Each structure stands twice: as structure tokens, then as C-alpha cells.
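**Q** Got a structure here, written out as C-alpha cells. Questions coming.
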Amino acid sequence: MTGIQQIFPAGDAGPLTTEDLERLYAYPDGTGVRVAVNFVSSADGAVEVEGGSAGLSTPPDRVVLDLGTDLADVVLVAAGTATSEGFTGVKHNDRMDDRRRRFGLAGVPVTAVVTSSGRSLDPSAPVLTDTLVPTIVFTCESVSAGLRDRWSDAGADVVLTGDGAVDLGAAVAELQRRGLRRVNCMGGPALFGSLAEAGLVDELRLTVAPFLVSGGAGRIARGAGMDPARLELLSVVTGDDTLLIRYRVGDSAAG
Ligand SMILES: NC(=O)c1ccc[n+]([C@@H]2O[C@H](COP(=O)([O-])OP(=O)(O)OC[C@H]3O[C@@H](n4cnc5c(N)ncnc54)[C@H](OP(=O)(O)O)[C@@H]3O)[C@@H](O)[C@H]2O)c1
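Written out as C-alpha cells, the structure reads:
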């Protein structure tokens, strides 16, 4: 038992098993790409404390984060977040290996990093150098060939999509072309905003953490803005005063 209980859809009152949670968080069968975006927010809407998300996380949040990674083909992350949160490539562990074996998933998830200017991604970053499989870097033509070569020398698989800014639609299509259709996006807010505005997000996995933090922190999405997209509640589970919410993302109201 996990100590996590289901609130919606209403079910048995007892705690969920790991298998129950896996059923909730598994990607649907099929061949279509599915982009799930994970965020933790304080109850008052902050996306970070002291520059990171760790101070907002709780044990149930980490359970669903692990489910997201374990059941994905690819972890998609903005270069800024990969750097500030010290991402490495995904590593093996017994829980993940067992889970992936049971779900028929190969190896470890690939990591894909997004940078338009290249400024947020140093070639020595652990997300490129400390990884079991080559990290994909989605970037664009305007980044110097010298920097792209240094990423490649660090082991990255550099993919150009766009001139001055990464074409996220093309990036997601490239993931699908490679058979990486279960996409687990780990943020950050600029990437989520761009993906949402481009209509590329299928599911939002939002943890509302039991903290008030005030201050000047941003929120989980940042960008030019969009017509409100309707969300459909898929599930709500809770443990340790934390709400773990899954929404299906619909079309924007004007769409
Ligand atoms: N609470 C949570 O769950 C959570 C999750 C993730 C991050 N965070 C927090 O969010 C903060 C980082 O946010 P951030 O403002 O740096 O945002 P971000 O979304 O991590 O974006 C930062 C950089 O990533 C690249 N990027 C983002 N969107 C892109 C796009 N559409 N196309 C191409 N490149 C893109 C850009 O790099 P270039 O400038 O190199 O082009 C951009 O400057 C940190 O404090 C982190 O802890 C919180």
C-alpha cells in the first residue's frame, strides 16, 4: 500500500496499491504521441522556492514523478530547468526496471532537451555527459555550428527544428517518428507555456503541495498567453496533505 488514496473518480476508501497507481498513470495504448506535463506548485501558486522545485515536493509527489518517468519513452525538459535542477540522463533502478519490464518498455527513457539560443545548455552539463543513452538536443539553425559540435562531442544527438526558435511541433513529431510517443515533460514554465500555446499538451499532472511560500516565484506556465484551454479532470489522489491531479487538456476556447 502506498498511503495514497483516490478521491476522483470515487472508488474504494482504502489506500491505493502501486499497481492501482500504475493503472492511473500509464500512457494509453495506441500509436499516437501523448505529451504529459508534470509540475508541482505550492498551494499559493509558486513554481519554485529558492530557485528549485525540490522544496515543494513531498513523498507522494515523488511517487507520481517516478511513475511519469518510469512509464515514458522520453523525458522532455527545457535547457533552463535541466541546468538549474541538475538533470542527468535517466539511470536504472530496480523499481523502474521492473516496471518497464512489466509494461513492455525497453531500456531507460531517453532525455530530450530544448534550447533555442543555446545559452542555457553548457556542453559540460550532466544532462549531456552523465547519461546511459545519448540525450537529444532540440535546437535551431541560428545556434553556432561550433556550439552544436561541442554538444555532439559531449555525446548529444543534436536535432535542428526551426530557424530562430525551436519548432516544438516538429520536435514532438520527430520524437514520434523515432517511436518515442510517451512523452513525460518535466518543464519548466517557459517550455510548458510554449507547448500549451502550440496545442501540444495532452495531459497536465499537477501536484498541489501543502505549502504557502509567498514571494515572487513564477507559476507553472509562462508565455505570450492563449485562449483558455478547457481541462477535463481525469483523476485526483491524495496523500501527505498533497493533491495529485491529472487533467486532460482540451482545445482552447476559441479553437
Ligand atoms: N515546480 C516544478 O514542478 C518545476 C518544474 C520545472 C522547473 N521548475 C522551476 O522553473 C525554473 C526554471 O524556469 P525557467 O524560467 O528557466 O523556464 P524553462 O522552461 O526551464 O526555460 C528556460 C530555458 O529553456 C529553453 N526553453 C524553454 N522553452 C523553450 C522553447 N519553447 N523553445 C526553445 N527553448 C526553450 C530556453 O533556453 P535558451 O535560452 O538556451 O534558448 C529557456 O531560456 C526553475 O526555478 C525550476 O526550478 C519548477
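For the sequence shown, position 148 (counting from the first letter as 1) is numbered 235 according to the numbering used here, and the numbering increases by one without interruption.
We put the beta carbon where it would ideally sit given N, CA and C, even for glycine.
None of these values were measured; they are calculated from a predicted model.
1. Report the CB separation of residue 326 from residue 90 in whole angstroms; it is logged as a contact under 8 Å.
2. Below 7 Å CB to CB, which residues in the same chain sit around residue 114 once its five sequence neighbours on both sides are set aside?
3. Taking the alpha carbon of residue 179 as the reference point, which residue from 171, 209 and 218 has its own alpha carbon closest?
4. Which one of 127, 324, 336 and 112 has the shortest CA to CA distance from residue 304?
5. Could you pull the DSSP bridge partners for residue 272 from this structure?
6. From what residue to what residue does the alpha helix (DSSP H) around residue 259 run?
7. Shortest alpha-carbon distance to residue 316 belongs to which of 162, 323 and 335?
8. Can you tell which of 240, 280, 174 and 227 has the C-alpha that lies nearest to the C-alpha of residue 206?
9. Residues in the same chain with beta-carbon distance under 8 Å from residue 346, minus the five sequence neighbours each way, listed in chain order, please.
10. Within the same chain, show all residues whose beta-carbon is closer than 8 Å to that of residue 240, passing over the 5 residues directly before and after it, in chain order.
11. List, from N- to C-terminal side, the alpha helix (DSSP H) runs of 4 residues or more that fit wholly inside the stretch 215-260.
12. Under 8 Å, with one C-beta from each stretch per pair, do the stretch 95-114 and the stretch 241-258 reach the 3-pair mark?
13. Using only the alpha-carbon positions, how far apart do residue 306 and residue 248 sit?
14. What's the gap between the Cα of residue 154 and the Cα of residue 262?
15. Which whole-angstrom value describes the C-beta separation of residue 96 and residue 301, a residue pair presumed to lie in contact below a C-beta threshold of 8 Å?
**A** Short version:
1. 5 Å
2. 121, 158 and 269
3. 218
4. 127
5. 124 and 163
6. 255-264
7. 335
8. 227
9. Only positions 88 to 342 of the chain appear in the structure, and residue 346 is not among them; the question remains open.
10. 210
11. 232-240
12. no
13. 27 Å
14. 20 Å
15. Going by Cβ atoms, the distance from residue 96 to residue 301 rounds to 34 Å, so no, they are not a contact pair.
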